[in-house]
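J.: One structure follows; several queries about it will come next.
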Amino acid sequence: MKRIGIDVGGTNTDAVLVDGTRILAAAKTPTTEDVTSGVREALRLILASGGDAARAVEAVIIGTTHFVNAVIERKHLERVGVLRLCLPASASVRPFIDWPADLRELVRGEVALLPGGHEIDGREIAAFDEVATRAAALRIADAGIGSVAISGVFSPLRAEHEERAAAIVRDVLPDARITLSRDLGRIGLLERENVTILNASLRVLARRTTQAFRTAIAESGLTAQLYLTQNDGTVMSADIAEELPVLCFASGPTNSMRGAAFLSGLSDAAVVDVGGTTSDIGILKHGFPREANSVVEVGGVRTLFRMPDVTSIALGGGTRVRTNPFRLGPDSLGFRLIERGRVFGGPDLSTTDVAVARGLIALGDPQRVADLDKELASSVLDEAKRLLEEGIDRLKTQAGDIPLIAVGGGSFLVPKMMKGVSEVVFVPHHDVANAVGAAIAQISGEVDQVFSNVSREEAIDRATSLARTRAEKGGAAPATLAIVDVEELPLSYMPGNCRRVRVRVAGELA
Amino acid sequence: MPNWTLTEKDIDIVADGCALLGSGGGGESHSFRTVLRSLLAERGPVNVVDAMTLAPDAQAVNVGFVGAPVVMTEKLFSERTVALALEAMSRRLGRPIEAVIPAEIGGANGLSAVIAASLLGVPVVDADGMGRAFPLSDQISYSIYGRSASPTIATTDHGEVVCVEGSSNRRVELLVRAISSANGALCFTVDYPLTGAEVRSYAVLGSVSLARRIGSALDGARHEHRDPFAALAEALDTAGGIAVRSLFDGKVIDCRHETRGGFGFGVVSLESIPSGERMTVEFQNEFLIARRNEATVATTPDIISIVDAETLRNIGSESVRYGQRVKVIALEAPALLTTPAALAVVGPRAFGLELDYRSIRSSL
Numbered sequence: 003m004k005r006i007g008i009d010v011g012g013t014n015t016d017a018v019l020v021d022g023t024r025i026l027a028a029a030k031t032p033t034t035e036d037v038t039s040g041v042r043e044a045l046r047l048i049l050a051s052g053g054d055a056a057r058a059v060e061a062v063i064i065g066t067t068h069f070v071n072a073v074i075e076r077k078h079l080e081r082v083g084v085l086r087l088c089l090p091a092s093a094s095v096r097p098f099i100d101w102p103a104d105l106r107e108l109v110r111g112e113v114a115l116l117p118g119g120h121e122i123d124g125r126e127i128a129a130f131d132e133v134a135t136r137a138a139a140l141r142i143a144d145a146g147i148g149s150v151a152i153s154g155v156f157s158p159l160r161a162e163h164e165e166r167a168a169a170i171v172r173d174v175l176p177d178a179r180i181t182l183s184r185d186l187g188r189i190g191l192l193e194r195e196n197v198t199i200l201n202a203s204l205r206v207l208a209r210r211t212t213q214a215f216r217t218a219i220a221e222s223g224l225t226a227q228l229y230l231t232q233n234d235g236t237v238m239s240a241d242i243a244e245e246l247p248v249l250c251f252a253s254g255p256t257n258s259m260r261g262a263a264f265l266s267g268l269s270d271a272a273v274v275d276v277g278g279t280t281s282d283i284g285i286l287k288h289g290f291p292r293e294a295n296s297v298v299e300v301g302g303v304r305t306l307f308r309m310p311d312v313t314s315i316a317l318g319g320g321t322r323v324r325t326n327p328f329r330l331g332p333d334s335l336g337f338r339l340i341e342r343g344r345v346f347g348g349p350d351l352s353t354t355d356v357a358v359a360r361g362l363i364a365l366g367d368p369q370r371v372a373d374l375d376k377e378l379a380s381s382v383l384d385e386a387k388r389l390l391e392e393g394i395d396r397l398k399t400q401a402g403d404i405p406l407i408a409v410g411g412g413s414f415l416v417p418k419m420m421k422g423v424s425e426v427v428f429v430p431h432h433d434v435a436n437a438v439g440a441a442i443a444q445i446s447g448e449v450d451q452v453f454s455n456v457s458r459e460e461a462i463d464r465a466t467s468l469a470r471t472r473a474e475k476g477g478a479a480p481a482t483l484a485i486v487d488v489e490e491l492p493l494s495y496m497p498g499n500c501r502r503v504r505v506r507v508a509g510e511l512a
Numbered sequence: 052m053p054n055w056t057l058t059e060k061d062i063d064i065v066a067d068g069c070a071l072l073g074s075g076g077g078g079e080s081h082s083f084r085t086v087l088r089s090l091l092a093e094r095g096p097v098n099v100v101d102a103m104t105l106a107p108d109a110q111a112v113n114v115g116f117v118g119a120p121v122v123m124t125e126k127l128f129s130e131r132t133v134a135l136a137l138e139a140m141s142r143r144l145g146r147p148i149e150a151v152i153p154a155e156i157g158g159a160n161g162l163s164a165v166i167a168a169s170l171l172g173v174p175v176v177d178a179d180g181m182g183r184a185f186p187l188s189d190q191i192s193y194s195i196y197g198r199s200a201s202p203t204i205a206t207t208d209h210g211e212v213v214c215v216e217g218s219s220n221r222r223v224e225l226l227v228r229a230i231s232s233a234n235g236a237l238c239f240t241v242d243y244p245l246t247g248a249e250v251r252s253y254a255v256l257g258s259v260s261l262a263r264r265i266g267s268a269l270d271g272a273r274h275e276h277r278d279p280f281a282a283l284a285e286a287l288d289t290a291g292g293i294a295v296r297s298l299f300d301g302k303v304i305d306c307r308h309e310t311r312g313g314f315g316f317g318v319v320s321l322e323s324i325p326s327g328e329r330m331t332v333e334f335q336n337e338f339l340i341a342r343r344n345e346a347t348v349a350t351t352p353d354i355i356s357i358v359d360a361e362t363l364r365n366i367g368s369e370s371v372r373y374g375q376r377v378k379v380i381a382l383e384a385p386a387l388l389t390t391p392a393a394l395a396v397v398g399p400r401a402f403g404l405e406l407d408y409r410s411i412r413s414s415l
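Chains A and B, in that order, are what the protein sequence lines are.
For any residue, its number in this note's numbering is found by taking its place in the first sequence, counting from 1, and adding 2.
For any residue, its number in this note's numbering is found by taking its place in the second sequence, counting from 1, and adding 51.
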């Protein structure tokens, strides 16, 4: 199936046209402030070089850091009304309690703690209170808030109270944008609630953005379906992205790693994406990025997102080179490389200049660096090699050398032989690896839930079945679904056979 | 140890130290840290007092949550539950409570005592009942040395107060656990009322300061990019010649869990990097025994911890995952826990392991 993958990065918007396993066309254009103009331009370029094949695409898959940036930059966020079904539990740990003050100021609207929620064995903590919940919903409506986040204790296990609360909110406020915590998985009330609130604050931006993407596609004359990529390297339909924008947060690094896997044919390797300012290093396991173990903070807010375990080092195409004493970075010329870099006639020395002097890449005017001190050039490349080797070593969890796939516009800085690395693999289209990752992304479904009084096998079966249903709902072809991850954890101190099961399945777009 | 005041800036450091002392158990403390931050901001710092400064007849009580760590991450925390228990105990004793002691310094319960102290406006004693964490509430030094758990007050978020009294501490633990289960596997307890003199004789002394010292050493090392293990070893040596050993450096290759009798039993398997050596660590919530290439290198009551290989951040038994790159380390148990009387309750045989305690001091 022909697809276009688009990655909206910090500097550039990259696009590729893919047919099965073949890359038919690629394009790169600067990212625009409004995001969509850049996307429209990227589509125009792809259509221009891709011709009929491009016009026949059935899917356009977009990876963007737009939503996570909104949180980090405190822009385009909505005020949120929060309902938590929990009393008498959790009373001293209120919503927003651990948020950075500036973000809390922007986002916190009405907050209500209400009777309800469930125990780990499925019993109610307290009966659902229609009257109190309705009163809280009315306060939210009176405050002029249109986005509501609803969470309940142990809702990944039993979500009835969240659903009843949602029905009441809809009754009071028919146009309310409601986010339920049970749709965002994960045991851990505060972190789950944080994610639910972040999601609620992004609903308007998500709608605007996906509408604009749809328009850009339609205006390009395409009748393709729109998908967005999410944290785990899989996609979701634009309809779901509109409702659950938080799932798109980690797209960037994930897409570049998946693209690297595709372009190299390797599914277990280290990946380094060398950009203008930083290099991101990650590890691929079965074709997907290995995930970080610890709690992830987004814009200072504590979440339990599955994010790729990526280490960033200060080494890129624009990294400053200083002498007397010798120092590599950590700062970079960034987008000013083209004005200030030596090979472009400017005064500043960067890694790009060294690479041109050494013949590693042809850029700008090589005469301007012809007299570059040879020892300096060696020092720069040796230091770059050392930084990369160290970064890779930090991430490795197995003994022995592993292959390293080098992608990104600055990958000319990656040496051909490195310690801890069995081989360095350079690939075609390395500079649009992100867009490739978006183009080839799969559809996934995930379940993370506690099961009581069933056997381990039964629990995993039920979770798998639920995950498959979610994946199909997200647009996956049932026949292509495969389990990507199974995790099972019996719960200590619990009566009976209690276990927490997390299953993720992924498959091709239907 | 000198008395000191615990302020907001100490919270993460003390909590990190408590996590390491949890020996793989004790649960996640984020919500407790957050509540304590608010309480200290509202009410000012908490005094941490050396047991020696307590009047011999001062009234102290032991405090802690009894239940499943995972439930704590969902039901979080209600001040009222703690306040109710303290109030009920004071009524039952017929006198005000003058100080609180953590039942176990390991894990989140280390902080729950500081929260209790803040709510009551009394000091927390620089001591605890276990020097670490253990699965059963009567695996505590006061019980080992003959003190009674009674009266035990257990409270729930619903505002219920239950007083349990009995002559067998083991049976009191059984009944309290039933209350906890009926409440969804979580309740707060105040028990083992002790006089100042009894605290001095029967508690593990200096625990809160030790937690701070550990947390501070690790925090400093991380910020200054020094070796955290070396910083930890130095801090423990200065704290009182507490031995610490790095037992293994490698990655997790398997983690088996099994629920039996309401506890999580299991085994973590590890492989060294570069490969060639294997380690297994068995647990019952808390890590109990570590074997390297089949030879025993550490057992309970020594404190066995699995930590991130680089940062030494603690990884609890419920958080161990395939592929994690870790160190297995062990801290020497307090002397109070290694007497024959203590070993009968907290040594390997008390957990069904057919071997005797071997101190990590005898390890290379």
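For every residue, glycine included, the Cβ atom is placed at its ideal position computed from N, Cα and C.
Excluding the five sequence neighbours on either side, which residues of its own chain have a C-beta within less than 7 Å of the C-beta of residue 411 (chain B), listed in chain order?
T.: Result list for residue 411 (chain B): 294, 296, 349, 353, 381 and 383, in chain order.
J.: Could you give the first and the last residue of the continuous alpha helix (DSSP H) run that contains residue 56 (chain A)?
T.: Looking at the DSSP string, the run of the alpha helix (DSSP H) that includes residue 56 (chain A) is 38-57.
J.: For residue 333 (chain B), which residues does DSSP report across the bridge?
T.: Paired residue(s): B:318 and B:340.
J.: So residue 332 (chain B) contacts chain A; which residues on that side make the cut at Cβ distance below 7 Å?
T.: Result: empty, since nearest Cβ-Cβ is about 15 Å, beyond 7 Å.
J.: With DSSP as the reference, label residue 239 (chain B) as helix, strand or coil.
T.: If DSSP states are grouped into helix, strand and coil, residue 239 (chain B) belongs with the strands.
J.: Of the residues that make up the segment 122-155 of chain B, which ones have a beta carbon closer than 8 Å to any beta carbon in chain A?
T.: Of all residues in the segment 122-155 of chain B, 122, 124, 125, 126, 127, 128, 129, 130 and 131 have a Cβ within less than 8 Å of some Cβ in chain A.
J.: Ignore the nearest five residues each way along the sequence and tell me which others in residue 98 (chain A)'s own chain have a CB closer than 6 Å to its CB.
T.: So the qualifying residues of the chain are 106 and 110.
J.: At the 7 Å Cβ level, is residue 271 (chain A) part of the contact set with chain B, yes or no?
T.: Answer no: the Cβ-Cβ gap between residue 271 (chain A) and chain B never drops below 7 Å.
J.: When DSSP labels each residue in this structure, what does residue 196 (chain B) get in the three-state scheme?
T.: Correct three-state label for residue 196 (chain B): coil.
J.: Can you list the residues of chain B that residue 156 (chain A) reaches, using a CB-CB cut of under 7 Å?
T.: Residues of chain B passing the Cβ test: 125.
J.: Hey, residue 200 (chain B) and residue 223 (chain B): beta-carbon distance below 7 Å or not?
T.: Yes, the pair counts as a contact, with Cβ atoms nearer than the cut-off.
J.: Output needed for residue 206 (chain B): all residues of its chain with C-beta closer than 6 Å, excluding positions within five of it in sequence on either side, in chain order.
T.: Closer than 6 Å at Cβ, skipping near neighbours: 132, 135, 136, 212 and 239.
J.: Where do the N-terminal and C-terminal ends of the beta strand (DSSP E) with residue 116 (chain B) fall, by residue?
T.: Taken as a continuous stretch (DSSP letters only), the beta strand (DSSP E) holding residue 116 (chain B) covers 110-118.
J.: Would you check if the distance between the CB atom of residue 233 (chain B) and the CB atom of residue 261 (chain B) is smaller than 7 Å?
T.: No, they are not a contact pair.
J.: By how many angstroms is the C-alpha of residue 77 (chain A) removed from the C-alpha of residue 362 (chain A)?
T.: Each residue's alpha carbon lies about 41 Å from the other.
J.: Check the Cβ of residue 82 (chain B) against every Cβ in chain A and list those closer than 7 Å, keeping chain order.
T.: Correct list: 95 and 192.
J.: Output needed for residue 66 (chain A): all residues of its chain with C-beta closer than 6 Å, excluding positions within five of it in sequence on either side, in chain order.
T.: Excluding residues within five positions, the ones whose Cβ falls inside 6 Å are 10.
J.: Whose C-beta lies closer than 8 Å to the C-beta of residue 195 (chain A) among residues of the same chain, with five residues either side of it excluded?
T.: Answer for residue 195 (chain A): 84, 86, 97, 151, 153 and 183, listed in chain order.
J.: My output table needs one value for residue 198 (chain A): the three-state DSSP class, helix, strand or coil.
T.: Reduced to three states, the DSSP call for residue 198 (chain A) is helix.
J.: Give the secondary structure of residue 277 (chain B) by DSSP, where H, G and I count as helix, E and B as strand, and everything else as coil.
T.: Coil, per DSSP.
J.: Cβ closer than 7 Å: which chain B residues qualify as neighbours of residue 121 (chain A)?
T.: Those are 235, listed as they occur along chain B.
J.: Can you round the beta-carbon distance between residue 56 (chain B) and residue 98 (chain B) to whole angstroms, since I take them to be within the 8 Å contact cut?
T.: About 6 Å; that satisfies the 8 Å criterion.
J.: Out of B:226, B:178 and B:69, which has the shortest C-alpha to C-alpha gap to residue 187 (chain B)?
T.: For the residues B:226, B:178 and B:69, the minimum Cα distance to residue 187 (chain B) belongs to B:226.
J.: Considering only the beta carbon of each residue, do residue 312 (chain A) and residue 351 (chain A) sit closer than 7 Å?
T.: Not closer than 7 Å, so no.
J.: Classify residue 139 (chain A) as helix, strand or coil using the three-state DSSP reduction.
T.: Helix at residue 139 (chain A).
J.: Evaluate residue 362 (chain B) with the Cβ neighbour count: other Cβ atoms within 10 Å of its Cβ, from every protein chain shown; 16 or more gives buried, anything less gives exposed.
T.: So residue 362 (chain B) counts as exposed.
J.: Show which residues of chain B have a CB atom less than 7 Å away from the CB atom of residue 189 (chain A).
T.: Here the neighbours are 121, 124 and 125.
J.: Residue 168 (chain A) to residue 114 (chain A), Cα distance in whole Å?
T.: For residue 168 (chain A) and residue 114 (chain A), the distance between alpha carbons rounds to 14 Å.
J.: Would you verify that the beta carbon of residue 208 (chain B) is, or is not, closer than 7 Å to some beta carbon of chain C?
T.: Of the protein chains in this structure, namely A and B, none is chain C.
J.: Under a three-way DSSP split, which group does residue 304 (chain A) fall into?
T.: Residue 304 (chain A) falls in the strand class under three-state DSSP.
J.: What does residue 92 (chain A) reach in chain B if we use C-beta pairs closer than 9 Å?
T.: Chain B residues near residue 92 (chain A): 82, 125, 126, 127, 128, 129 and 208.
J.: Is residue 16 (chain A) helix, strand or coil when you go by DSSP?
T.: Reduced to three states, the DSSP call for residue 16 (chain A) is strand.
J.: Tell me residue 230 (chain A)'s beta-bridge partners as DSSP assigns them.
T.: Answer is A:64 and A:238, bridged to residue 230 (chain A).
J.: Consult DSSP for residue 69 (chain A) and reduce its assignment to one of helix, strand or coil.
T.: Of the three classes helix, strand and coil, the one that applies to residue 69 (chain A) here is helix, per DSSP.
J.: By how many angstroms is the C-alpha of residue 7 (chain A) removed from the C-alpha of residue 291 (chain A)?
T.: Their backbone Cα atoms lie some 18 Å apart in a straight line.
J.: Could I get the ranges of all uninterrupted alpha helix (DSSP H) runs contained in the segment 338-370 of chain A, with 4 residues as the minimum, in chain order?
T.: With a minimum length of 4 residues, the continuous alpha helix (DSSP H) runs that stay inside the segment 338-370 of chain A are 339-342 and 353-359.
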